[in-house]
Amino acid sequence: MGREKQSKGGEEKSSHKSSKLKKLSGHENAEAGGDTSSTNSSNSHEKIENGKLLKKLQLKNKTRLLQHTKKLKKLLSDEDDALEGPSTSQRKLDPEDDDGDFISKKKGQKRKRIKEEQTECSTNASSRSKKTKKLNDDDDDYNSSQKTKSKKKTEKSVKKEENEPLQVSKKPKRTKEEIQEAKLLKIKKKEEEEQNRWRWWEEEKYEDGVKWKFLEHKGPYFPPEYQPVPDDVHFYYDGKAVKLSLAAEEVALFFAQMLDHEYTTKDVFRENFFKDWRKEMTSEERSLINDLNKCDFGEMHAMHKAKVEARKNMTKEEKQTLKEANQKIVEEFGYCLLDHHKERIGNFKIEPPGLFRGRGEHPKQGMLKKRIQPEDVIINCAKDSHIPVPPVGHRWKEVRHDNTVTWLASWTENIQGSIKYIMLNANSKLKTCVDDIRYQYNQDLKSKQMSTRQRAVALYFIDKLALRAGNEKEEGETADTVGCCSLRVEHITLHDQLEGDECVVEFDFLGKDSIRYYNKVPVFKNLKLFMENKESEDDLFDRLNTSMLNKHLSSLMPGLTAKVFRTYNASITLQQQLKELTNKGDNVAEMILSYNRANRAVAILCNHQRAPPKTFEQSMANLQAKIDARKEQLALAKSELKQAKKEAKSKGSSDPKLQTMVERKKTAVKRCEDQLLKMELQATDREENKQIALGTSKLNYLDPRISVAWCKKYGVPLEKIYNKSQRDKFAWAIDMTEEDFEF
DNA sequence: AAACTCACTTAGTACTGACACA
DNA sequence: TGTGTCAGTACTAAGTGAGTTT
Numbered sequence: 001m002g003r004e005k006q007s008k009g010g011e012e013k014s015s016h017k018s019s020k021l022k023k024l025s026g027h028e029n030a031e032a033g034g035d036t037s038s039t040n041s042s043n044s045h046e047k048i049e050n051g052k053l054l055k056k057l058q059l060k061n062k063t064r065l066l067q068h069t070k071k072l073k074k075l076l077s078d079e080d081d082a083l084e085g086p087s088t089s090q091r092k093l094d095p096e097d098d099d100g101d102f103i104s105k106k107k108g109q110k111r112k113r114i115k116e117e118q119t120e121c122s123t124n125a126s127s128r129s130k131k132t133k134k135l136n137d138d139d140d141d142y143n144s145s146q147k148t149k150s151k152k153k154t155e156k157s158v159k160k161e162e163n164e165p166l167q168v169s170k171k172p173k174r175t176k177e178e179i180q181e182a183k184l185l186k187i188k189k190k191e192e193e194e195q196n197r198w199r200w201w202e203e204e205k206y207e208d209g210v211k212w213k214f215l216e217h218k219g220p221y222f223p224p225e226y227q228p229v230p231d232d233v234h235f236y237y238d239g240k241a242v243k244l245s246l247a248a249e250e251v252a253l254f255f256a257q258m259l260d261h262e263y264t265t266k267d268v269f270r271e272n273f274f275k276d277w278r279k280e281m282t283s284e285e286r287s288l289i290n291d292l293n294k295c296d297f298g299e300m301h302a303m304h305k306a307k308v309e310a311r312k313n314m315t316k317e318e319k320q321t322l323k324e325a326n327q328k329i330v331e332e333f334g335y336c337l338l339d340h341h342k343e344r345i346g347n348f349k350i351e352p353p354g355l356f357r358g359r360g361e362h363p364k365q366g367m368l369k370k371r372i373q374p375e376d377v378i379i380n381c382a383k384d385s386h387i388p389v390p391p392v393g394h395r396w397k398e399v400r401h402d403n404t405v406t407w408l409a410s411w412t413e414n415i416q417g418s419i420k421y422i423m424l425n426a427n428s429k430l431k432t433c434v435d436d437i438r439y440q441y442n443q444d445l446k447s448k449q450m451s452t453r454q455r456a457v458a459l460y461f462i463d464k465l466a467l468r469a470g471n472e473k474e475e476g477e478t479a480d481t482v483g484c485c486s487l488r489v490e491h492i493t494l495h496d497q498l499e500g501d502e503c504v505v506e507f508d509f510l511g512k513d514s515i516r517y518y519n520k521v522p523v524f525k526n527l528k529l530f531m532e533n534k535e536s537e538d539d540l541f542d543r544l545n546t547s548m549l550n551k552h553l554s555s556l557m558p559g560l561t562a563k564v565f566r567t568y569n570a571s572i573t574l575q576q577q578l579k580e581l582t583n584k585g586d587n588v589a590e591m592i593l594s595y596n597r598a599n600r601a602v603a604i605l606c607n608h609q610r611a612p613p614k615t616f617e618q619s620m621a622n623l624q625a626k627i628d629a630r631k632e633q634l635a636l637a638k639s640e641l642k643q644a645k646k647e648a649k650s651k652g653s654s655d656p657k658l659q660t661m662v663e664r665k666k667t668a669v670k671r672c673e674d675q676l677l678k679m680e681l682q683a684t685d686r687e688e689n690k691q692i693a694l695g696t697s698k699l700n701y702l703d704p705r706i707s708v709a710w711c712k713k714y715g716v717p718l719e720k721i722y723n724k725s726q727r728d729k730f731a732w733a734i735d736m737t738e739e740d741f742e743f
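Number 743 marks the last residue of the first sequence (the UniProt record's numbering); no jumps.
The structure is reproduced here in C-alpha cells:
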C-alpha cells in the first residue's frame, strides 16, 4: 500500500516536473500539438504496421518527458560536449561547474544553507535522508508505472488494430521492431539520465511542494462599473416604457446584447435568464414583470449595436489611445514578481458579469454570472510582499500566504460553485521570456550603475551577435581566445563613421578554437565610455564576468545562461529563416538551397567558419564545366525540338509519329532545364558555403525537430538534410516530430 | 469506496489585427 | 477603400487527477 502511494507520489512529482520543464523550455505548445497530431495520425494511419504503432505509442509515453528534457539537455550539456572543448578541460576541475563559477558557488551555498537548516532540527535531518531514498524509490516506481501505463495503452491500441486487416506482412517488421526496441532502450536510458539530472536541478530550487518563495502582485483587475443607459433608451414591458433599477437594468442589458444570438431563443436559456433576472429586480419590478415574452429590449439592443459600430469606426488615433490605455493596465496588473523574476499573469482580469454560456445543451445556460466584488476574492501572496490594495471602499475576502500553490487570487464562481483562479501564464514561453529579457537589457543600457550597463551591453552582444559567454581562462595554458565577457579593449575598434553608418564597432578577436571573429556592428555610444582610460589589454567589461551575467540571466529565468541564449537564438533563427526562405511551390533542389541558406544564417550568426576546402576551386570548376556541358546539351535539345516542330507542321499534324517525336523532344528539353537549374542551385549553394561550416550548428545548436518538421511539411526527403550518422543521432526527433512542430 | 474539493491543464470560441486582393 | 481570410490572442468553460471527506 505504502509502496503504491509512493509510486503515485513519484508520478505526481514527475508530471509536475515536466510541466515545470515545459514552462522552462517553452515546449508546451509543441508538446501538445505533437501529441494531438500524433494521435490523429495513429488514427488515420490505420494501416500502419503493428510494430510501428506499438513503437509510436511506447515512444509517446516514454518520450513525453524526453521531449521536454531534450531541449534542456541540449541547452545544458550538448554545447559543452561539442563546442566548449578547450574551456571544458579547464572547467573539469570543478565537476559541478556547469554554468560558470558563480552558479556553482551559489548552488553550493544554497545547499549548505539547506543542510544547516536541516541539521538544526534532527527530525528534519533524518527525514532528509528518507526523502532522498524516497526519491530514488520514486524513480523506480515511476518508471515501472510508466511502463505498465504504456503497456496498457499499447495493448489497447493493438486491440483496436486487430479489427483492421494487417496490410503489411509481419516478418520483415520484426527485425525493424527489434532495432527500434534497442533504440528505445537507449532513449530510455538517456531519459532516465536526464530525469535524474533535472530532478537534482529542480530539487534545489524548491523543496517539497513549495512553488515559490516570494510572490508579489497588484491583485486582480476588476471590470469597470456598470454604466446606466442614457434616459432616451427605453425598456418596454407590455408596450409601456419602464425605468428599471440599476441592477435589473444591467442584467436586462446582458440579454439585450445577445438578442442576435440564437441562445436567446432557447427555452432553457430564457427560463434561466428570467429566473435570475427577477432575483435582481426590486419587488415592484418583480410584481410587474412576469413574462419574458412581453419584454421589449429593442432600444437597448439598438444602443448596443450602435456602440459596437462606433467602436469599429473609431479613428486610428482613438484606437491608439485605447490601446495604450490597455497597455498601461497590463503593465500595472499583468505582471507579478515570482521569486526574483517578473512573470506574466495569464488572466489578471476578474471575469466580468454576464449571462452564462455553457457549451452544448448546458442546463445552466442563461443564468446570471454575478459581478465579482473584492469581498469575494482571496488574495495569495508572500507575507513580506506588498499586499495588493483592494479598490477604495472595499476589502478582500481573505489574504493568505500559501506557497504550495501557484495562484495569485481566487474566487468562487456562482454558476457551478467552482473556484476560479488568477494564475501565471501557463505558456509563459521562452520566447516571451526572451522578449522580456530584451526589453530589460535595453532599459539597462541606460542604467546609472556601470556594472548593470556593462551587463546590458554584453547581453546585447550575446543576443544579437551570438557571442559566447567568455569565461575567464588560465593565462598561458591555452590559446588566448576570448568571449563576450572577456573581451578586451584591443579587440574592438570604434568608428564614429564607417561605411555610411554612425558609431560602428569593429570586432576582431579570436574566439573559441581560435576562430577569428570579425564583424562590424552599428552600436551605441556606451562602448566608448567603457573604453575610456583603458589600455588595450584591459578588459572591456571590467565590472562584469560570466558568473554575474549568468546570475542575472538565471534570475530572469531559471536555468537560463548565456550559452542557452546562444542555442536558443540559433534554433529560432533557423526556424525564422526557414519560414522566410521557403517557397511553397519550389522543387526539391530549390528547397534544399533554401534550407542551406537558413542553416547558413545560423552558422554566420554563431560564427561557425571553416577554411575553404582545398579542393574547392577544383570542384567548383568541375561543376561549372558540367553546367556548361549541360547548357550546350540544352541548346541542342532546343534546336532539335524546333526542328521537330517544324517538320510536324509542314507534314500536317496528322502524323502521329511526328507528334510523339515533338513530345519526346519537349520532355528532353524540360529534363535538361531541370538538371541545369539543379546544378546551378548547387553551385550557388557551394559558393555561398565556401567559408561557412554548417555541421556545427546542425549537430549541436539546432533543434532537429525544426528540420524534421520542415522536411515533412514540404516533402523534402530527410536524407538530403541529414546524412546517415546525423539521422541516427536525431532518430528520436525524426520519429516524434510532426510537421507542425514549432520551436 | 463513492463523492467531493482543489489546483491546475486543456481546449473551444470569439475577437483582433494584419494582410492580400479586388 | 472596402472586404474576406487567416493567424494569433484572450477569455473562460471543461477536463483531470490527486487528495480529502463522508
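Backbone N, C-alpha and C fix where the C-beta goes; we use that ideal spot for every residue, glycine too.
Judged by their CB atoms, K626 and L641 are not nearer to each other than the 8 Å cut-off.
The C-beta distance from A409 to V377 rounds to 6 Å, short enough to fall under 8 Å. By the Cβ-count criterion, I329 is exposed, with fewer than 16 other Cβ atoms from all chains shown falling within 10 Å of its own Cβ.
For E249, the closest alpha carbon among the candidates L368, L322, G239 is that of L368. Cβ neighbours of K218 within its own chain (closer than 7 Å, five residues either side excluded): E332, F333, P388.
The C-beta distance from L445 to A458 rounds to 11 Å, too long to fall under 8 Å, and the pair is not in contact. Listed in chain order, the non-local C-beta contacts of F255 below 8 Å within the same chain comprise T264, F273, W277, F297, L355, local neighbours out to five positions each way being set aside. The Cβ-Cβ distance between I515 and N599 does not fall below 8 Å. Excluding residues up to 5 positions away in sequence, R278 lie with their Cβ nearer than 8 Å to the Cβ of R286 in the same chain. Between L494 and G483, the C-beta gap is not smaller than 8 Å, which leaves the two residues out of contact. Contact between the segment 664-682 and the segment 582-595 is established, with three or more Cβ pairs separated by less than 8 Å.
Per DSSP, reduced to three states, the secondary structure at H608 is coil, with no helix or strand assignment. Sequence-distant Cβ neighbours of P352 in its own chain, meaning closer than 6 Å and more than five residues away, are P223. Look at D480 here: in three-state DSSP terms it is coil, with no helix or strand label. Note that the segment 339-350 touches the segment 417-424; at least 3 beta-carbon pairs, one per stretch, sit closer than 8 Å. For the beta strand (DSSP E) assignment, the uninterrupted runs of no fewer than 3 residues enclosed by the segment 488-520 are, from N- to C-terminal side, 492-498, 501-510. Rounded to whole angstroms, the gap between the alpha carbons of L510 and N622 is 34 Å. C-alpha of E502 to C-alpha of F530: approximately 18 Å in a straight line.
Residue pairing from DSSP places T412 in a beta bridge opposite I419. Note on L322: under 16 other CB atoms within 10 angstroms of its CB, so exposed under the neighbour-count rule.
Burial is judged here by how many other beta carbons sit within 10 angstroms of a residue's own beta carbon; H552 has at least 16 and is buried. For the segment 287-358, the continuous alpha helix (DSSP H) assignments of 4+ residues that do not extend past its boundaries occur at 298-312, 316-333, in sequence order. When DSSP assignments are scanned along the segment 241-269, the uninterrupted stretches of alpha helix (DSSP H) that are 4 or more residues long and fall wholly within it turn out to be 246-257.
If you ignore the 5 residues before and after F214, its C-beta comes within less than 6 Å of the C-beta of D339, A382, all in its own chain and listed in chain order.
In the structure shown, D231 adopts coil according to DSSP, grouped into three states.
For the pair of segments examined, the segment 709-725 was found to touch the segment 577-588: the number of CB pairs separated by less than 8 Å reaches three. 8 Å or more divides the Cβ of A648 from the Cβ of C672. Excluding sequence positions up to five before and after R371, its CB lies within less than 7 Å of the CB of P353, all in the same chain and listed in chain order. Of the candidates V392, F541, E535, I492, the residue whose Cα lies closest to the Cα of S451 is F541. Contact check for T546 and K512: beta-carbon distance about 14 Å, past the 8 Å limit, so the pair fails to qualify.
Cα atoms of D586 and E688: separation of roughly 20 Å, rounded to the nearest angstrom. CA-to-CA, the gap between S245 and Y221 works out to about 26 Å.
Approximately 6 Å separates the beta-carbon atoms of P374 and R395; this is inside 8 Å, confirming the contact. By the Cβ neighbour-count rule, M300 is buried, with 16 or more other Cβ atoms within 10 Å of its own. Shown here, V210 sits in coil according to DSSP, grouped into three states, outside any helix or strand.
In the DSSP assignment, V669 falls outside any beta strand (DSSP E) and within the unbroken alpha helix (DSSP H) covering 656-688.
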